[in-house]
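Remarks on the structure that follows.
What follows is the structure, encoded as structure tokens:
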């Protein structure tokens, strides 16, 4: 028996699970190697100390604390977590959404009507500045202009103008038509 | 005659008791069907055993108690995960072991961070020498602390098996199931753990 074989069999020897032949071999190795005998004795001591370690017992508050935690778990089981929208319950989420819409609506009512009635659109100024300056002696071909065109050109109703420009649907013709 | 009858009575009561002792597996079965008293009984049976096991792992009483509570809560929540192919104790020990390991790793990470902030003088460990005049209780406490420190020095896979075998006195088969390694590996780990543990103890004593 060599050192490695001896070390592999220490636990089996201490727990009495070696067969007779192995046990004889092991004990003869112990007789011839004093340091091996010391090692086995030390392991036996350590093993005994481990098994005789003082038993721990839970504190008196253990069951009380456990019950508290269990009641929380039970509550979770009884009332499963509701669906949430941005961490709001459906009720609060709908209330919040309603408030938001109300706020937006009020803001629009406060600011937009005043702006549209009094102030000229910025676009008009921008167009004016970018317009080329015409020489003064050049006469406008007024006769060529239609009266309705003049009336329409003097308006701030750009939406109509845009509609007029963009409405090609009636003029469009498809190949199969 | 009276002696005979009393013996008979005793035997009868033992038999009766045996009849009424419900196994852990029966209890968990009842708990799975909704009987919460069965759960309370299981907690009562295992709380101290698990605390003793976890305490050897962590060495901190309060933390160990928290881990045992976590184990019991997990038992409550995951009761349906238990299948009767394994022993109940094995299943519960596995839960406790995993939670203790997680806690141990968390603590190690914390310790490493704290240790790196310490000065060289602070890093010197202090082990008080045994004085001959100290009382037996103090010496016992010191011996326990020393063995505990020796356990803490073991690698995780050695620590688990040696605690389960020598402290909890579980069978090799049970340990094999809890740790999830073959029986031969368990035996070899226990053997090597014991050798290493005694050398750690020698070092600490010297």
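Residue numbers (my numbering), protein chains in the order written: chain A, 654 to 830; chain B, 18 to 223.
Ideal Cβ placement from N, Cα and C applies to all residues, glycine included.
These numbers come from a predicted model, not from an experiment.
I need the DSSP call for residue 738 of chain A, collapsed to helix, strand or coil.
Translated into the one-based positions of the first chain, residue 738 of chain A becomes position 85. Residue state, collapsed to three classes: strand.
Under the three-state reduction of DSSP, which class applies to residue 46 of chain B: helix, strand or coil?
Along the second chain, one-based indexing puts residue 46 of chain B at 29. Three-state DSSP puts residue 46 of chain B in a helix.
Within this structure, are the beta carbons of residue 178 of chain B and residue 196 of chain B separated by less than 9 Å?
By one-based count along the second chain, residue 178 of chain B stands at place 161. By one-based count along the second chain, residue 196 of chain B stands at place 179. Contact: yes.
Positions along the region 59 to 90 of chain B whose CB lies within less than 8 Å of some CB in chain A
60, 64, 65, 68, 69, 72, 73, 78, 81, 82, 85, 86, 89, 90
Measure the C-alpha to C-alpha separation of residue 759 of chain A and residue 742 of chain A and round it to an integer number of angstroms.
The residue given as residue 759 of chain A occupies position 106 in the first chain. The residue given as residue 742 of chain A occupies position 89 in the first chain. Spanning the two alpha carbons is a distance of roughly 26 Å.
With a cut-off of 9 Å, does the C-beta of residue 153 of chain B fall near any C-beta of chain A?
Along the second chain, one-based indexing puts residue 153 of chain B at 136. Output row for residue 153 of chain B: interface = no.
Contact criterion: CB-CB distance below 9 Å. Does residue 212 of chain B meet it with respect to chain A?
Working through the second chain from its first residue, we reach residue 212 of chain B at position 195. Closer than 9 Å: yes.
Inspect the CB distances between the region 85 to 102 of chain B and the region 54 to 62 of chain B and report whether three or more fall short of 8 Å.
yes
Do the region 70 to 83 of chain B and the region 42 to 53 of chain B meet, that is, are 3 or more Cβ pairs less than 8 Å apart?
no
Could you check what DSSP says for residue 111 of chain B in three-state terms: helix, strand or coil?
Looking up residue 111 of chain B in the second chain gives position 94. Of the three classes helix, strand and coil, the one that applies to residue 111 of chain B here is helix, per DSSP.
Using alpha carbons as the reference points, say which of B:218, B:47, B:181, B:124 lies closest to residue 206 of chain B.
Mapped onto the second chain, residue 206 of chain B falls at position 189. When only C-alpha atoms are compared, the closest one is B:181.
Assumed close pair residue 162 of chain B, residue 168 of chain B - CB separation to whole angstroms, cut-off 8 Å
Against the second chain, residue 162 of chain B aligns to sequence position 145. Against the second chain, residue 168 of chain B aligns to sequence position 151. Not really, about 11 Å apart at Cβ, beyond 8 Å.
Does the separation of the CB atoms of residue 191 of chain B and residue 107 of chain B fall below 9 Å?
As a working note, residue 191 of chain B is residue 174 in the second chain. As a working note, residue 107 of chain B is residue 90 in the second chain. Result yes, Cβ atoms of residue 191 of chain B and residue 107 of chain B sit closer than 9 Å.
Near residue 10 of chain B, what residues of its chain come up, given a Cβ to Cβ distance below 6 Å and the 5 sequence neighbours on each side ignored?
Outside the shown range of chain B (18 to 223) lies residue 10 of chain B, about which nothing can therefore be said.
Below 9 Å between beta carbons is the criterion; list the residues of the region 169 to 190 of chain B that meet it against any residue of chain A, in chain order.
179, 180, 182, 183, 184, 186
Helix, strand or coil for residue 656 of chain A per DSSP?
To locate residue 656 of chain A, count along the first chain from 1; it is residue 3. Residue 656 of chain A falls in the helix class under three-state DSSP.
Determine the burial state of residue 82 of chain B: buried for a count of at least 16 other Cβ atoms within 10 Å of its Cβ, exposed for fewer.
In the second chain, the residue the question calls residue 82 of chain B occupies position 65. Looking at its Cβ environment, which holds 16 or more other Cβ atoms inside 10 Å, residue 82 of chain B is buried.
When you check each C-beta in the region 34 to 54 of chain B against every C-beta of chain A, which residues fall closer than 8 Å?
none
Residues of the region 654 to 675 of chain A with Cβ closer than 9 Å to any Cβ of chain B, in chain order
660, 661, 662, 663, 664, 665, 667
Ends of the alpha helix (DSSP H) at residue 60 of chain B?
By one-based count along the second chain, residue 60 of chain B stands at place 43. First-last of the alpha helix (DSSP H) with residue 60 of chain B: 53 to 75.
Could you name the residues of chain B that residue 761 of chain A contacts, counting a contact when the two beta carbons are closer than 8 Å?
As a first step, residue 761 of chain A is located in the first chain; it is residue number 108 there, counting from the start. Neighbours of residue 761 of chain A on chain B: none; closest Cβ ~52 Å, over 8 Å.
Answer with yes or no whether the minimum CB distance from residue 754 of chain A to chain B is below 9 Å.
Position 101 of the first chain holds residue 754 of chain A. Closer than 9 Å: no.
Of the choices A:749, A:726, A:699, A:682, whose alpha-carbon is the least far from that of residue 737 of chain A?
Walking along the first chain from the start, residue 737 of chain A turns up at place 84. For residue 737 of chain A, the nearest C-alpha among the options comes from A:749.
Which of the three DSSP states is assigned to residue 198 of chain B in this structure?
Translated into the one-based positions of the second chain, residue 198 of chain B becomes position 181. Coil at residue 198 of chain B, not helix or strand.
Quick one: using the 10 Å Cβ neighbour count with 16 as the cut-off for buried, is residue 674 of chain A buried or exposed?
The count along the first chain starts at 1 and reaches residue 674 of chain A at position 21. Exposed.
Residue 827 of chain A, DSSP secondary structure in three states
Start at 1 with the first residue of the first chain, and residue 827 of chain A comes out as number 174. DSSP places residue 827 of chain A in coil when its eight states are reduced to three.
Any idea if residue 669 of chain A is buried or exposed, counting beta-carbon neighbours within 10 angstroms, 16 or more meaning buried?
Position 16 of the first chain, counted from the start, is the residue given in the question as residue 669 of chain A. The residue is exposed, with fewer than 16 neighbouring Cβ atoms inside 10 Å.
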